[in-house]
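Novice: Chains as they are written, first to last, in our numbering: chain D, 224 to 556; chain R, 367 to 729.
Backbone N, C-alpha and C fix where the C-beta goes; we use that ideal spot for every residue, glycine too.
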Amino acid sequence: MSFFIRYIRNDLEGVYTAELLRGCLSMLAAVIFNELAAPDPSNAYILIVGLYGLRSLYGSTLFRRLGNILLSLLLLTGTLAVSLYFGQEKLYLPQLVFCITLCSGTVWALRRAPGFSGTIMFMSVFSVVNFGMGLIDHGHEILLTELFKSAFLGSAAVFLAVLLVPAVKIHWCAVINLCFYHDLREYARTMTELGELNTFSEIDGKAKNRLLMLQSSLFNITSYVNDPLRKNRYLRLLNSLVLITYWPHGTGSSEDHKKRIIGIRKGLFEKLFGVLSARNPDTVRVLLQELDNFKNEISCLPRDPFCGGEMTSETAAAVREIAALLKEKLGHD
Amino acid sequence: MTEKTALSAGKFSGKSRDTLLIRQMLSMGLSMLTAEIVSMLYPVDQSFWIALTTFCVCLYISTPLTALRRTAHRILGSIYGVILAGIACLVFPETAGLLTFLVLFAGLTLWSRAFMSLYWLFVAFMTASVIMLLALLMRHTSLTPDYLITERVAFTFLGAAISLIISSLVMPATERLDMLRTYRHYLTMFYLEYRICIFRLTDPGRNDPGINPRDIFRSTRTYQEKLPVWRYALFFNIFIYRSFVRFLHRIHKMRLMNRVLLTSISSLTPEDLPDPETRQLLSQNRTETKKALLSLIRLNRDAASGHLAKLSEINTLLEKRLLGQKGVSATIMLTLRELENDLSHLAGGAVQMYLTYKNGNRD
Numbered sequence: 224m225s226f227f228i229r230y231i232r233n234d235l236e237g238v239y240t241a242e243l244l245r246g247c248l249s250m251l252a253a254v255i256f257n258e259l260a261a262p263d264p265s266n267a268y269i270l271i272v273g274l275y276g277l278r279s280l281y282g283s284t285l286f287r288r289l290g291n292i293l294l295s296l297l298l299l300t301g302t303l304a305v306s307l308y309f310g311q312e313k314l315y316l317p318q319l320v321f322c323i324t325l326c327s328g329t330v331w332a333l334r335r336a337p338g339f340s341g342t343i344m345f346m347s348v349f350s351v352v353n354f355g356m357g358l359i360d361h362g363h364e365i366l367l368t369e370l371f372k373s374a375f376l377g378s379a380a381v382f383l384a385v386l387l388v389p390a391v392k393i394h395w396c397a398v399i400n401l402c403f404y405h406d407l408r409e410y411a412r413t414m415t416e417l418g419e420l421n422t423f424s425e426i427d428g429k430a431k432n433r434l435l436m437l438q439s440s441l442f443n444i445t446s447y448v449n450d451p452l453r454k455n456r457y458l459r460l461l462n463s464l465v466l467i468t469y470w471p472h473g474t475g476s477s478e479d480h481k482k483r484i485i486g487i488r489k490g491l492f493e494k495l496f497g498v499l500s501a502r503n504p505d506t507v508r509v510l511l512q513e514l515d516n517f518k519n520e521i522s523c524l525p526r527d528p529f530c531g532g533e534m535t536s537e538t539a540a541a542v543r544e545i546a547a548l549l550k551e552k553l554g555h556d
Numbered sequence: 367m368t369e370k371t372a373l374s375a376g377k378f379s380g381k382s383r384d385t386l387l388i389r390q391m392l393s394m395g396l397s398m399l400t401a402e403i404v405s406m407l408y409p410v411d412q413s414f415w416i417a418l419t420t421f422c423v424c425l426y427i428s429t430p431l432t433a434l435r436r437t438a439h440r441i442l443g444s445i446y447g448v449i450l451a452g453i454a455c456l457v458f459p460e461t462a463g464l465l466t467f468l469v470l471f472a473g474l475t476l477w478s479r480a481f482m483s484l485y486w487l488f489v490a491f492m493t494a495s496v497i498m499l500l501a502l503l504m505r506h507t508s509l510t511p512d513y514l515i516t517e518r519v520a521f522t523f524l525g526a527a528i529s530l531i532i533s534s535l536v537m538p539a540t541e542r543l544d545m546l547r548t549y550r551h552y553l554t555m556f557y558l559e560y561r562i563c564i565f566r567l568t569d570p571g572r573n574d575p576g577i578n579p580r581d582i583f584r585s586t587r588t589y590q591e592k593l594p595v596w597r598y599a600l601f602f603n604i605f606i607y608r609s610f611v612r613f614l615h616r617i618h619k620m621r622l623m624n625r626v627l628l629t630s631i632s633s634l635t636p637e638d639l640p641d642p643e644t645r646q647l648l649s650q651n652r653t654e655t656k657k658a659l660l661s662l663i664r665l666n667r668d669a670a671s672g673h674l675a676k677l678s679e680i681n682t683l684l685e686k687r688l689l690g691q692k693g694v695s696a697t698i699m700l701t702l703r704e705l706e707n708d709l710s711h712l713a714g715g716a717v718q719m720y721l722t723y724k725n726g727n728r729d
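If you want it as structure tokens, here you go:
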């Protein structure tokens with residue numbers, strides 16, 4: 224589960240997942256075409272061109288994306304033909320010039336023309352590989368006409384994959400909320416495990432790294448939530464939780480104040496961890512009630528001379544948001 | 367910074383980016399030239415793997431150390447990939463088996479791209495995919511799959527070494543400068559946010575933007591992404607590396623404390639707003655904080671300590687006034703004290719000492 228969450232955390236836009244689906248479909252189609260085609264040494268080019276389905280899609284409309292892919296496939300097929308010819312004819316110098324131009328062009332395109340970089344990168348890679356293939360094709364078994372036929376079949380596999388998965392990115396929909404609650408639970412767990420903190424410096428580097436990673440991840444996940452109401456709720460909750468985590472109670476304050484701040488922090492995160500870990504809807508309801516009681520308890524505490532009640536109000540805000548979110552979730556269930 | 371200097375700074379950074387791009391292209395061109403010549407001279411059929419490795423290592427590098435890191439990942443990934451593909455080729459040598467593993471490894475190559483920091487994982491699956499493809503390509507030749515996977519690791523070493531040597535000759539080593547720049551950048555960012563908070567108290571009429579925690583997290587992530595390359599630049603000196611990590615934690619916390627300050631300030635009622643004398647002290651606090659930070663930026667620890675001592679005196683005076691008022695003002699005072707402590711830690715921290723030792727005092 225956490226491996227899956229880690230994967231989504233790294234691909235919140237869904238770009239890599241869209242590429243993964245498209246690439247697999249393209250390769251699968253290429254493999255099928257390869258098996259159906261009459262045996263020929265050039266059949267491998269069906270697979271080589273089919274590999275092109277692994278690249279990213281560019282263009283605002285499907286028509287443009289198909290146009291870009293078509294142009295790229297033409298350039299790739301041309302590169303394959305040229306480098307094969309250079310290899311078969313042992314034309315080292317032209318290959319050097321051709322390969323260096325393409326490779327340097329890739330570096331340039333990565334900075335200046337990212338939309339074209341995938342095309343030129345594939346061209347560079349296959350100019351190197353195909354020249355090597357040409358060099359070992361001593362009997363000139365691979366004919367250019369056959370290469371073009373295979374490239375056509377490979378291109379068909381790529382087009383098929385693009386038509387089946389035309390999206391540049393995939394939205395994770397409800398899965399993104401799952402990630403949010405997972406990371407929130409982990410955050411609450413880490414804070415609970417840390418226990419009563421007098422100063423933030425007490426925490427070891429590993430735990431600090433973990434907290435930082437989870438905070439970044441939570442804010443990052445929130446930016447990919449489409450529903451504005453839910454997004455605002457998430458943001459308000461996170462803002463409050465971050466403030467509660469770092470709220471100062473150090474130099475110059477009384478022991479009572481320190482105790483109160485530490486108590487509120489500890490109590491909130493323990494209860495938050497409990498409610499987020501609960502699986503049974505009835506248990507969630509009971510724990511939500513406990514969380515609400517906790518909010519009321521801290522609101523009724525006598526006034527702290529070292530605090531204007533900001534910590535209490537931030538805690539109340541966090542409890543309100545999480546309660547609203549979980550009640551909504553329970554309603555959906 | 368005036369508009370003119372800002373513009374010229376922009377032009378300068380644009381120019382330096384151009385120079386970097388030219389160097390990257392030169393590094394790629396020279397590396398590929400060397401790799402192609404070596405692979406042409408190498409008396410083995412599959413020697414194009416040398417040029418292919420060189421190309422992959424040379425992509426996305428900006429300094430010799432980024433090349434070194436990619437080289438390490440590349441070699442490690444290639445070894446894993448060869449082992450993976452080797453097992454697949456030897457256990458399932460039939461065409462159907464090769465095709466199945468080709469699709470599987472190609473899919474895993476794409477999947478591994480989501481784990482950006484694990485470049486070796488991507489290389490492992492990519493190597494395995496290419497080996498499967500080559501095994502299929504060579505079905506009609508006398509070459510056997512086990513032949514295809516032999517020498518692959520040696521070629522990877524050779525190709526990576528070429529790009530590493532060329533990039534160390536062509537690319538500028540900028541990590542140390544980058545460490546200093548980053549250190550200065552984060553101190554400046556902290557001050558700019560701190561200034562917003564103090565101005566809210568001393569000059570409530572000013573129209574400053576707020577502090578967005580998302581920006582703080584984004585900025586922290588940029589720092590985190592630099593750390594793996596710095597690990598190489600620090601020659602794996604664990605103590606200094608951990609100090610850089612600790613600096614990140616502290617500055618991140620300090621910036622979030624500014625958010626705490628701002629939250630407390632926003633809940634002040636008009637009657638709670640500081641009186642003119644307190645405002646004067648808050649202005650002095652801001653000025654001394656600025657001076658202390660400037661001294662840290664200039665790597666002058668003694669001057670920073672002097673300003674921090676003055677800041678402590680000002681905070682003691684502020685404490686008498688703000689803690690006397692209790693309520694929200696007390697939280698503000700506690701935060702100011704906490705930030706003062708953090709600044710003292712920064713002044714005496716290992717990062718400051720390391721940067722001073724490496725770059726010298728800039729005063």
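Here's a check: name, in chain order, each residue in its chain whose Cβ is nearer than 7 Å to the Cβ of residue 676/R, leaving out the five neighbours to either side.
Specialist: The residue given as residue 676/R occupies position 310 in the second sequence. Same-chain partners within the cutoff: 654.
Novice: Decide if residue 457/R is buried, meaning its Cβ has at least 16 other Cβ atoms within 10 Å, or exposed.
Specialist: Working through the second sequence from its first residue, we reach residue 457/R at position 91. So residue 457/R ends up on the exposed side.
Novice: Is there a Cβ from chain R that is less than 7 Å from the Cβ of residue 323/D?
Specialist: For the purposes of this step, residue 323/D is identified with residue 100 of the first sequence, where counting begins at 1. Interface residue, yes.
Novice: Under DSSP, the alpha helix (DSSP H) around residue 573/R begins and ends at which residues?
Specialist: On the second sequence, position 207 is the one that residue 573/R refers to. No alpha helix (DSSP H) contains residue 573/R, which DSSP labels as neither H nor E.
Novice: Within the continuous alpha helix (DSSP H) that includes residue 418/R, where are the two ends?
Specialist: Reading the second sequence from its first residue, position 52 is the one you call residue 418/R. Unbroken alpha helix (DSSP H) run through residue 418/R: 414-424.
Novice: Below 8 Å on the Cβ atoms is my guess for residue 519/R versus residue 448/R; work out the distance and round it to an integer in Å.
Specialist: Residue 519/R sits at position 153 when you count from the first residue of the second sequence. Residue 448/R sits at position 82 when you count from the first residue of the second sequence. Confirmed, Cβ separation roughly 6 Å.
Novice: Residue 227/D: buried (16+ other C-beta within 10 angstroms of its C-beta) or exposed?
Specialist: By 1-based counting over the first sequence, the position of residue 227/D is 4. Counting Cβ neighbours within 10 Å, residue 227/D comes out exposed, since fewer than 16 surround it.
Novice: Can you list the residues of chain D that residue 411/R reaches, using a CB-CB cut of under 9 Å?
Specialist: Position 45 of the second sequence, counted from the first residue, corresponds to residue 411/R. The contacting residues are 355, 358, 359.
Novice: With distances taken between CB atoms, is the gap from residue 389/D to residue 285/D smaller than 7 Å?
Specialist: Within the first sequence, numbered from 1, the residue matching residue 389/D stands at position 166. Within the first sequence, numbered from 1, the residue matching residue 285/D stands at position 62. Going by C-beta atoms, residue 389/D is nearer than 7 Å to residue 285/D.
Novice: Does any residue of chain R have a CB that is nearer than 7 Å to the CB of residue 331/D?
Specialist: The sequence position of residue 331/D within the first sequence is 108, counting from 1. True, the Cβ-Cβ gap to chain R drops below 7 Å.
Novice: Is it right to say residue 250/D is buried, meaning 16 or more other beta carbons lie within 10 angstroms of its own, or is it exposed?
Specialist: If you number the first sequence from 1, residue 250/D lands on position 27. Answer is buried; the Cβ neighbour count reaches 16.
Novice: When you compare only the Cα positions, how much space is there between residue 401/D and residue 229/D?
Specialist: On the first sequence, position 178 is the one that residue 401/D refers to. On the first sequence, position 6 is the one that residue 229/D refers to. C-alpha separation (whole angstroms): 12 Å.
Novice: The alpha helix (DSSP H) that contains residue 592/R, what's its start and end?
Specialist: On the second sequence, residue 592/R is found 226 positions in, with the first residue counted as 1. Run containing residue 592/R: 579-599, per the alpha helix (DSSP H) assignment.
Novice: Between the stretch 275-282 of chain D and the stretch 365-375 of chain D, do at least 3 Cβ pairs fall closer than 8 Å?
Specialist: The stretch 275-282 of chain D, when compared against the stretch 365-375 of chain D, does not touch it at the 8 Å Cβ threshold.
Novice: Within a Cβ cutoff of 8 Å, which residues of the same chain sit near residue 373/R, ignoring the five residues on either side of it in sequence?
Specialist: Against the second sequence, residue 373/R aligns to sequence position 7. Low confidence applies here, because residue 373/R scores a pLDDT of 36, under 50, leaving its location unreliable; read the following figure in that light. Excluding residues within five positions, none has a Cβ falling inside 8 Å.
Novice: Taking only the alpha-carbon atoms, compute the straight-line gap between residue 550/D and residue 448/D and give it to the nearest angstrom.
Specialist: As a working note, residue 550/D is residue 327 in the first sequence. As a working note, residue 448/D is residue 225 in the first sequence. Looking at the two C-alpha atoms, the distance is approximately 18 Å.
Novice: Provide the residue span of the alpha helix (DSSP H) that contains residue 362/D, from first to last.
Specialist: By 1-based counting over the first sequence, the position of residue 362/D is 139. No alpha helix (DSSP H) holds residue 362/D; DSSP gives it neither H nor E.
Novice: Suppose you measure from the CA of residue 586/R to the CA of residue 567/R; what does that come to, to the nearest Å?
Specialist: As a working mapping, residue 586/R is identified with position 220 in the second sequence. As a working mapping, residue 567/R is identified with position 201 in the second sequence. Rounded to whole angstroms, residue 586/R to residue 567/R spans 27 Å at the Cα level.
Novice: Tell me the rounded alpha-carbon separation between residue 581/R and residue 414/D.
Specialist: Position 215 of the second sequence, counted from the start, is the residue given in the question as residue 581/R. Position 191 of the first sequence, counted from the start, is the residue given in the question as residue 414/D. Distance between the alpha carbons of residue 581/R and residue 414/D is about 23 Å.
Novice: Report yes or no: do three or more beta-carbon pairs, one from the stretch 700-719 of chain R and one from the stretch 661-670 of chain R, lie closer than 8 Å?
Specialist: With a cut-off of 8 Å, the stretch 661-670 of chain R and the stretch 700-719 of chain R count as touching, because enough Cβ pairs lie within range.
Novice: Which residues of chain R have a Cβ atom closer than 7 Å to the Cβ of residue 438/D, listed in chain order?
Specialist: Here residue 438/D refers to the residue found at position 215 of the first sequence. Simply 583.
Novice: Kindly list, in the order they appear in chain R, the residues whose Cβ is closer than 7 Å to that of residue 466/D.
Specialist: Reading the first sequence from its first residue, position 243 is the one you call residue 466/D. Ordered by position in chain R, the residues that pass the 7 Å Cβ test against residue 466/D are 625, 626, 629.
Novice: What's the C-alpha gap between residue 682/R and residue 478/D?
Specialist: Within the second sequence, residue 682/R is the residue found at index 316, counting from 1. Within the first sequence, residue 478/D is the residue found at index 255, counting from 1. Cα-Cα distance, rounded: 19 Å.
Novice: List, in chain order, every chain R residue whose beta-carbon is nearer than 9 Å to that of residue 270/D.
Specialist: The count along the first sequence starts at 1 and reaches residue 270/D at position 47. Those within 9 Å of residue 270/D in chain R are 465, 468, 499, 502, 503.
Novice: Return the chain-ordered list of same chain residues with a C-beta closer than 6 Å to the C-beta of residue 552/R, the five sequence neighbours on each side being excluded.
Specialist: The residue given as residue 552/R occupies position 186 in the second sequence. Cβ neighbours of residue 552/R beyond the five flanking positions: 617.
Novice: Looking only at its own chain, which residues have a Cβ that is under 8 Å from the Cβ of residue 434/D, when we skip the five neighbours before and after it?
Specialist: Counting from one through the first sequence, the residue named residue 434/D turns up at place 211. Same-chain partners within the cutoff: 410, 413, 414, 426, 468.
Novice: Take residue 243/D and list the residues in its own chain whose beta-carbon comes closer than 8 Å to its own, dropping the five residues that flank it on each side.
Specialist: Residue 243/D sits at position 20 when you count from the first residue of the first sequence. For residue 243/D, where only same-chain residues beyond five positions count, there are no Cβ hits under 8 Å.
Novice: Along the stretch 592-626 of chain R, what residues have a CB closer than 9 Å to any CB found in chain D?
Specialist: From the stretch 592-626 of chain R, only 608, 611, 612, 614, 615, 616, 618, 619, 622, 623, 625, 626 have a Cβ closer than 9 Å to chain D.
Novice: Would you call the stretch 595-606 of chain R in contact with the stretch 539-552 of chain R, where contact means no fewer than 3 C-beta pairs closer than 8 Å?
Specialist: The stretch 595-606 of chain R vs the stretch 539-552 of chain R: in contact.
Novice: Could you tell me the alpha carbon to alpha carbon distance between residue 235/D and residue 395/D, rounded to whole angstroms?
Specialist: Taking the first residue of the first sequence as position 1, residue 235/D is located at position 12. Taking the first residue of the first sequence as position 1, residue 395/D is located at position 172. Distance between the alpha carbons of residue 235/D and residue 395/D is about 7 Å.
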